[in-house]
Every structure is written in structure tokens, then in C-alpha cells.
Amino acid sequence: MADFRIDHYLNDAGFFSTMADDVRKGLTSTPKQLPPKYFYDGRGSDLFERITELPEYYPMREEGALLNSIAPGLVASMAPHEIVELGSGSCTKTRALLDAGRANGCLRRYVAFDVSESITRLAAIDLLQRYDGLDVHGIVGDFLRHLGKIPTVLGRRLVLFLGGTLGNLYRDERVELLRQIGSLLGPDDRLLVGVDLVKDVKLIELAYNDSAGVTAAFNRNMLSVVNSGLDGDFNPEAFQHLAFFNTTESRIEMHLRPSTRQTAHLRKIDLTVVVEPAETIWTESSHKFTAASVDEMLTAAGLSLREWYAAPKDMFGLALAGPA
Ligand code: AVJ
1 MADFRIDHYL NDAGFFSTMA DDVRKGLTST PKQLPPKYFY DGRGSDLFER ITELPEYYPM
61 REEGALLNSI APGLVASMAP HEIVELGSGS CTKTRALLDA GRANGCLRRY VAFDVSESIT
121 RLAAIDLLQR YDGLDVHGIV GDFLRHLGKI PTVLGRRLVL FLGGTLGNLY RDERVELLRQ
181 IGSLLGPDDR LLVGVDLVKD VKLIELAYND SAGVTAAFNR NMLSVVNSGL DGDFNPEAFQ
241 HLAFFNTTES RIEMHLRPST RQTAHLRKID LTVVVEPAET IWTESSHKFT AASVDEMLTA
301 AGLSLREWYA APKDMFGLAL AGPA
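Number 34 in the working numbering belongs to position 34 of the sequence shown; there are no gaps in the numbering.
Have a look at this one:
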């Protein structure tokens, strides 16, 4: 009988206190900012799923196609006993690897690690039904704080960090997180990281300014998340969605800009926030890479690039890394 469990490390009290600290710090600094992890409540995770289906949003499709093409070879070459996925979300792309793992007969366990409890539960139950005999272990946590909660290794391990999520972090945070992930790897274990690549700026900007307005709704939803977490009264509709490529920093920035001066009260932390039309709340940075910048970043984190896979026209990249 396959094993199934979900462990929660984001209890309400802990979630509340980190959110209280993050929001107070972010909204009292200049420029005002909020961490992108607060996009992903139930509604935000649904909106993100819808983003991945948009015609303009290429990263998910490109990564999915690339994964499908490399999965059999990758699984054959290392025959992982377990796959640990950070930021697993709905796990749909992962199925290419799970299918290959099942065909190969090596795979015993899948560990899904995500901030969203609802999506992790749904995904885990779906996988249990699809993959007879596969142990499925969900961890609801924040990968910047709870990596240590990943169960002890069961054999050869393949860690996945897909979707370009690493690009949400800044250089020092990326290197630090990669270093921590590296500490979960034995000599024969591997890490597969998905990164969006530098390309024509118009294509990148379109992916974050879709014509159906889903990305705008996703961006504004962060204010609803803050409202419900901290008993606030932001009016999300009063904010305009802004997304542009910052060439110097090689990243998409998403912001919320009020059309008129907005005053919000966050009662649970007794904070009044005034946002002027001349300023924004910076909600996300999504860094774009090159093969060379990925190689350099892995090396800085004590890892080494073992294989580089790129989608046609360098639309997206997957880096397979191992301990240096
Ligand atoms: C989940 C961080 C990879 O940066 O493309 C999508 C999030 N934000 N549209 C990305 C996102 C707006 C996404 N990542």
C-alpha cells in the first residue's frame, strides 16, 4: 500500500507572524514592496494556473515541452528513487518525469513542497490515483525556511525546482537557497532547475501583460491576501497592474500603481499605509538568465552544471546540477 501524508509547517500563527513582519517591513520601506509568496492563496494559485494557460505566457509551455523531451533520458541516466519538488503547485509538468520513473521502475516516492495547502492536497491525491504504488508526501511550507523538513533521503534523489521560481529571488538569496538545496544532495543526486532565459524584450513583456487581464488580477490579488491576513481595507481595484523588463537587472518587475492616492488600514498590525499615485507597491521580480549566468550562479553555490538543456530559440532553460 502506497504511503500518503501531508505535513504542515505554515500553521496560522506562524503564517500570521511572518506576514505581519513582512508586510510591515515592506510597506514602510521605500520603495514599498511585498514578497511574491503572498500571491499564492487559493485564489492566487488558481489565477497562476490560468496564467500558465495564456497564449502569451510561454515559460510554462516551453518548460513542459522541454521536460517531456528530456525526461526519459534523464531518468534513465540517474534512475532516481525519489523526486523532491520545490514549489510543486499542481505538479502537471512533473508527470513527464513521474511517467519516465514509472516506466524505468526506479521511482518509489514523490515529495511535493509548496506554500499552498489546497493545491498540494489536490495534487497529491491526483498523483496517488495516477501512480499506483508511488508514495506521495506533501509538505506545506516556505522553502526559504522549511527545507530541513524534507524527509530523510530514500535513495538516489532528484530535486526539482521548476517554473522559473528561482528567478523570484535576488542574487544572494538564489545562491544561498541553491547552497541549501545542495546540502540535500549526495554525490549521485541531482538538482534540475528551470530558468527563463533572456530574449526579445517584447516577448517577455507580453507574457506579463496578457490581453485577458489575468496577470493583472493575479497581481491585485496580493492586496486581497494582505486584507484577509491582516484585516485590511486595500481596494485592489484602485491599483493598476504594471509589468516591464528592467534591462540592467535582467528582470521583469511587477508593480501596483494607484490611480489616486490610496489610504489603507491594516487593523491587525495597527498600520496605516498611504500610497501616492507617484509611487508603486513592488510585488515581484522575475529574473531572466543565460546559460553562462546559470553556470556562474551554480558554481557560486558550490554546485556544478552537469547538463544544460534549452528549448528551441532559447525560450527556456533547464540546468541539471550536482554537487561540485
Ligand atoms: C512562478 C515566479 C515563475 O515569474 O513568471 C507569472 C510568476 N508572475 N506571471 C514568473 C508570474 C506573473 C512566475 N513564477
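Glycine included, every Cβ here is placed at the ideal spot set by N, Cα and C.
The criterion of a C-beta distance shorter than 8 Å is not satisfied by S211 and I119. Three or more Cβ pairs drawn from the segment 173 to 183 and the segment 291 to 302 lie within less than 8 Å of each other, which places the two stretches in contact. In this structure, the straight-line span from the alpha carbon of P258 to that of V195 is close to 31 Å.
In terms of CA proximity to V111, V140 leads the group V140, Q129 and E307.
Nearest Cα to Y9 within the set L147, L122 and F218: L147.
Put simply, the backbone Cα of A103 is about 21 Å away from that of D188. By the neighbour-count criterion, in which a residue is buried when 16 or more other Cβ atoms sit within 10 angstroms of its Cβ, Q129 is exposed. Taking the Cβ atoms as the reference, V226 lies roughly 6 Å from V23, within the contact range of under 8 Å.
Checking the 7 Å criterion, the Cβ of G164 is within range of a heavy atom belonging to the ligand AVJ. Within the DSSP secondary-structure output, S304 pairs in a beta bridge with G322. Closest by C-alpha distance to T94, out of D270, L160, A324 and I269, is L160. About 7 Å separates the beta carbons of F48 and Y40, which is inside the 8 Å limit, making them a contact pair.
For the segment 121 to 203, the continuous beta strand (DSSP E) assignments of 3+ residues that do not extend past its boundaries occur at 135 to 140, 157 to 161 and 190 to 196, in sequence order. Runs of the alpha helix (DSSP H) lying entirely within the segment 234 to 318 and spanning at least 4 residues, in chain order: 291 to 300.
In the structure shown, L47 falls within a helical segment according to DSSP collapsed to helix, strand and coil. A278 and L256 have their C-alpha atoms spaced approximately 11 Å apart. When the beta-carbon positions are compared, R261 and G232 stay at least 8 Å from each other. By alpha-carbon distance to A292, the top candidate from R108, I70, V198 and D7 is V198. DSSP, reduced to helix, strand and coil, places A212 outside both helices and strands of the structure shown, so it counts as coil. Following the DSSP letters along the chain, one finds V115 in no beta strand (DSSP E), marked with neither H nor E. Less than 8 Å divides the Cβ of A264 from the Cβ of F234. Our two residues, M254 and V153, have alpha carbons roughly 37 Å apart in a direct line. A check of alpha carbon separations from L74 across A324, P323 and L318 identifies L318 as the nearest.
A Cβ-Cβ separation of about 5 Å places L67 in contact with A96 under the 8 Å criterion.
Buried is the label assigned to T215, since at least 16 other Cβ atoms lie within 10 Å of its Cβ.
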